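2 protein chains.
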Amino acid sequence: MPKDRNPTRIQKKNRATILEAALEVFSTSGFRGATVDQIARAAGLSKPNLLYYFPSKEAIFTELLSGLLDTWLDPLRAIDPQGDPLEEFLAYVQRKLQMSRDFPRESRLFANEIVQGAPRMLETLSKDLKPLLEEKADLIEGWMADGKLNRTHPKHLLFSVWSLTQHYADFDVQVRTLMGDEDPFDAAPAHLEQMFRRMLTPAPKI
Amino acid sequence: MPKDRNPTRIQKKNRATILEAALEVFSTSGFRGATVDQIARAAGLSKPNLLYYFPSKEAIFTELLSGLLDTWLDPLRAIDPQGDPLEEFLAYVQRKLQMSRDFPRESRLFANEIVQGAPRMLETLSKDLKPLLEEKADLIEGWMADGKLNRTHPKHLLFSVWSLTQHYADFDVQVRTLMGDEDPFDAAPAHLEQMFRRMLTPAPKI
DNA sequence: CGTGAGTTTGACCAGTTGGTCAAATCATGA
DNA sequence: TCATGATTTGACCAACTGGTCAAACTCACG
């Protein structure tokens, strides 16, 4: 068992390789569906060798989750309270959509976990995600109070962004099956832009 | 192995019990995560007894899927080409949202399957869902051409309905964790109504 | 009743899975 | 170079899993 301090070159490389392989396997099979052997094979290591770098399957999984959550929430954190409300929000939507396009495995990893009741993430949800959501919901609430955005339920609004964007990653097979040749990500940005612009433009009711 | 024809009273009862138990277990654990023993226990039967009614775990799963798909698609089928376009569509959104509230396990069953690449559903997707989607997309397209609905990408529009509504079932734990005491389904109907009404009202661009 | 079909079960099996361990091999810096 | 710690592996294990089977039990009906 390698120590956490002073990781060797080999340790750094192999731990990274393992996490990459684990992302691939866990995101398509879920925690229970994935086997240590699959991950080891995907990483090009033997099973005992893999378990030399991580104490257990569970440990790989939780390290993956916590390691990726920060990146995953970056787009939301990046909403600037000083910017123009509507444009800030629309830019957030596009960033989030990009995440679905560029990191679909990460999205499916979380989706798998949460659909199954988030047994290994519940704490993270209330400790990390909840405060962030509330901060941004308050910000949006303020913008609405100032008449800069159309009045809506801020939390439901943010859920809407998540569901609409992550759908393209989580339900990728379905979306692609139904769209045939057309790449879903061709029209998705404009579609979501239109949707949220109409929803949020503070205007005489249409 | 009971014959399909002339099922006895006991057969009818037990097959139904098993499917109910299987829905419970599969929807929270996915196919691979669920064990036959879990399902048997949830159904109050012994494992060999359960396997007397269904030849295999796989058989239970596929029977569940195909049995539920029809119900699942009912709200979409019910869109009436003769009705008022906007109101028809908004009613569809609400029906779909009700499904998420009333049948969250069914939603998660499909979600689990599709997130993991739909290995047992791909054929169903292209054979059953695709034609239905195209029929309804064409209908919506027509309504837009007639100026009854604001112009958008019909397929992406339908994906939006699915993702927004199913999110409340599939990500139930997350949504409830983040909303605390407030029941998500209190504000969701109005939120989605507002969202799609703004999106689809054919009006001078706002 | 009694009898034959329908139902239930304990015991069992082979394959898989997460994880261990001692021994072998490799890398590195004194 | 060589000693020492880091890395790798084949063999192994106990628990679990999907599924089988013969024997026992129960039910409906003549």
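So the sequences go chain by chain: A and B.
Residue 52 in the UniProt record's numbering is what sits at position 52 of the first sequence, and the numbering runs on without skipping anything.
Residue 29 in the UniProt record's numbering is what sits at position 29 of the second sequence, and the numbering runs on without skipping anything.
By construction, the Cβ of each residue, glycine as well, lies at the ideal position given by its N, Cα and C atoms.
Remember, predicted model here, so these are calculated numbers, not experimental data.
Assumed close pair Pro-81/A, Arg-95/A - CB separation to whole angstroms, cut-off 8 Å: About 16 Å; that fails the 8 Å criterion.
C-beta neighbour in chain A for Gln-98/B, strict 8 Å: Chain A, which has no Cβ nearer than 8 Å to the Cβ of Gln-98/B, makes this no.
Chain-ordered chain A contacts of residue 207/B [CB-CB under 7 Å]: Nothing about residue 207/B can be reported from this structure: the residues present for chain B run from 1 to 206 only.
Expected contact under 8 Å - CB spacing of Leu-50/A and Ile-39/A to nearest Å: Between Ile-39/A and Leu-50/A the Cβ distance is about 7 Å, and since that is below 8 Å, they are a contact.
Contacting residues, own chain, Cβ-Cβ under 7 Å from Phe-26/A (five flanking each side not counted): Within the same chain, Phe-26/A has close Cβ partners Ala-34, Phe-61, Leu-64, Leu-109.
Rounded straight-line distance, which links the Cα of Asn-112/B to that of Leu-23/B: Distance from the CA of Leu-23/B to the CA of Asn-112/B, rounded to the nearest whole angstrom, comes to 12 Å.
Inter-residue Cα distance where the pair is His-156/A and Met-121/A: Taking the straight line joining both Cα atoms gives about 21 Å.
Outcome for Lys-205/A when other beta-carbon atoms lying within 10 angstroms are tallied against a minimum of 16: Its pLDDT being 47, under 50, Lys-205/A is placed unreliably in this model, and the value from its coordinates should be taken loosely. Classification of Lys-205/A: exposed, given that the 10 Å Cβ count is below 16.
The region 138-149 of chain B / the region 181-189 of chain B touching (three or more Cβ pairs under 8 Å): The region 138-149 of chain B vs the region 181-189 of chain B: no contact.
8 Å contact criterion, which Pro-202/B and Gly-147/B should meet: CB distance rounded: Confirmed, about 6 Å.
Residue nearest to Asp-128/A in terms of C-alpha spacing, selected from Ser-100/A, Asp-102/A, Gly-67/A: For the residues Ser-100/A, Asp-102/A, Gly-67/A, the minimum Cα distance to Asp-128/A belongs to Gly-67/A.
DSSP state of Pro-7/A mapped onto helix, strand, coil: Residue state, collapsed to three classes: coil.
Any C-beta of chain A under 8 Å from that of Ile-39/B: Not one chain A Cβ lies under 8 Å of Ile-39/B.
Segment contact, 8 Å Cβ cut-off, at least three pairs: the region 9-18 of chain B with the region 165-177 of chain A: Touching, no, given that fewer than three Cβ pairs across the two stretches are closer than 8 Å.
Element boundaries [alpha helix (DSSP H), containing Met-179/B]: Run containing Met-179/B: 172-179, per the alpha helix (DSSP H) assignment.
Enclosing alpha helix (DSSP H) for Asp-80/B [first to last residue]: Asp-80/B -> no alpha helix (DSSP H), and no H or E assigned at all.
Residue-level contact to chain A via CB, Ile-206/B, 8 Å cutoff: Residue confidence for Ile-206/B is low, a pLDDT of 43 falling below 50, so the modelled location carries little weight; the figure read from the coordinates is stated next. At a cut-off of 8 Å between C-beta atoms, Ile-206/B counts as an interface residue with respect to chain A.
Residues of the region 122-148 of chain B with Cβ closer than 8 Å to any Cβ of chain A, in chain order: Contact residues of the region 122-148 of chain B toward chain A are Leu-122, Leu-125, Ser-126, Leu-129, Lys-130, Leu-133 (C-beta to C-beta distance below 8 Å).
Nearest neighbour of Tyr-53/B, chosen from Pro-189/B, Lys-13/B, Trp-162/B, Thr-124/B [CA to CA]: Measuring from the Cα of Tyr-53/B, the nearest candidate turns out to be Lys-13/B.
Neighbour flag for Gln-194/A against chain B, beta carbons, 8 Å: Yes, because at least one Cβ of chain B sits closer than 8 Å to the Cβ of Gln-194/A.
Neighbourhood of Glu-193/A by C-beta, 8 Å cutoff - its chain only, sequence neighbours within 5 removed: The beta carbon of Glu-193/A sits closer than 8 Å to those of Leu-90, Val-93, Gln-94, all from its chain and outside the five residues before and after it, given in chain order.
Residue-level contact to chain B via CB, Ser-56/A, 8 Å cutoff: Not an interface residue.
Alpha helix (DSSP H) segment containing Asp-146/B, residue limits: Where Asp-146/B is concerned, there is no enclosing alpha helix (DSSP H), given that its DSSP letter is neither H nor E.
Of the listed residues Trp-72/A, Leu-45/A, Asp-84/A, nearest to residue 254/A (C-alpha basis): Outside the modelled stretch of chain A, which goes from 1 to 206, sits residue 254/A, for which no answer is possible.
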